[in-house]
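Once you know that position 193 of the sequence shown is 1049 in our numbering, the rest is easy, because the numbers rise by one and skip nothing.
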Amino acid sequence: MQHDQFWNKIARKYAQDPISNMPAYEATLARVRELITPNMDVLELGCGTGTTALKLADAAGQYTGTDIASEMIKIANEKLAGSGAQNLRFETAAAGDAGQGSYDAVLGFNLFHLVQDPEAALAHVHGQLREGGLFISKTPCLGTRPWFIPMIKVMQWIGKAPRPVHSFRPTRLKTMIEAAGFEVEEMMYFQKQSISRFIVARKV
């Protein structure tokens, strides 16, 4: 099954599923809102059904959400139609499709462990940012929980998980971001024992 086909297939169920860790999600939103400003053009990669974009768009000047799955974007646009947001748009696009040097901040949440080529995706992000722009991400580092990996492989085999799923360790993730041309300014987690790392990096 192609990557976009998997996400298109589960889009409606995904839209109905509750956020699994609401305190960590709200803490993530709060920190991002501190980092983006009303004069920024912001791009969110892998925006899914638009939940996060709709919560953050009012903090930015212009906000664009993209996702590889057209069914996800269809649902995002349904939400947008009833939101009243004037500075937000959604588009079907892969991580590397957005314009070069077009954005002041690029966001990617729960995304980079799922892309086919993480190093290439990070290089695309670097190109999408203006000089000094911010790359803000949150990524599960499954390498810290190696017992998850066999379970994920079983789920992939029965069609319940996408391919690929990369099992980064935090140090490896940080190294990849730096190698793509960024300076990491923050690296943290919002709850003890969390496998996800929130990273703020600046294009250098």
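For each residue, glycine too, the CB sits at the ideal point set by N, CA and C.
Taking 8 Å as the threshold (C-beta atoms), are residue j and residue i in contact?
| i | j | result |
| --- | --- | --- |
| L963 | L901 | yes |
| L899 | T884 | no |
| A913 | L944 | yes |
| K930 | L910 | no |
| A894 | L970 | Position check: residue 894 holds Pro in this sequence, whereas Ala was assumed. Result no, Cβ atoms of P894 and L970 do not sit closer than 8 Å. |
| K1059 | F1038 | yes |
| C997 | F946 | no |
| A915 | R889 | yes |
| V1040 | K1030 | yes |
| H859 | Q984 | no |
| Q872 | D897 | no |
On the premise that residue j lies in contact with residue i, defined as a C-beta separation below 8 Å, what is that separation, rounded to the nearest angstrom?
| i | j | result |
| --- | --- | --- |
| A961 | I992 | 6 Å |
| A977 | F968 | 6 Å |
| R1001 | G957 | 37 Å between Cβ atoms; not a contact. |
| P974 | M1032 | 6 Å |
| M928 | T908 | Not confirmed; about 12 Å, so no contact. |
| I1005 | S1023 | 6 Å |
Assign residue i to one of two classes, buried (16 or more other C-beta atoms within 10 Å of its C-beta) or exposed (fewer than that).
| i | result |
| --- | --- |
| K869 | exposed |
| Q1049 | exposed |
| A1036 | buried |
| W1003 | exposed |
| K994 | buried |
| G988 | exposed |
| V1010 | exposed |
| W1013 | exposed |
| S876 | exposed |
| I892 | buried |
| T1069 | There is simply no residue 1069 to check, as the chain begins at 857 and stops at 1060 in what is shown. |
| A932 | buried |
| A886 | exposed |
| A1057 | buried |
Grab the span of the beta strand (DSSP E) containing residue i for me, first residue to last.
| i | result |
| --- | --- |
| I1055 | S1052 to K1059 |
| G957 | Neither: G957 is in no beta strand (DSSP E) and is coded neither H nor E. |
| Q918 | Q918 to D923 |
| F968 | Careful: F968 lies outside any beta strand (DSSP E) and carries neither H nor E. |
Grab the span of the alpha helix (DSSP H) containing residue i for me, first residue to last.
| i | result |
| --- | --- |
| V888 | M878 to L891 |
| L936 | S926 to A937 |
| T907 | T907 to L912 |
| Q861 | H859 to Q872 |
Legend entry - 3-residue-minimum beta strand (DSSP E) runs that sit fully inside the stretch 973-1000, ordered along the chain: 985-996
Legend entry - Segments assigned beta strand (DSSP E), at least 3 residues, entirely inside the stretch 1006-1060: 1038-1044 and 1052-1059
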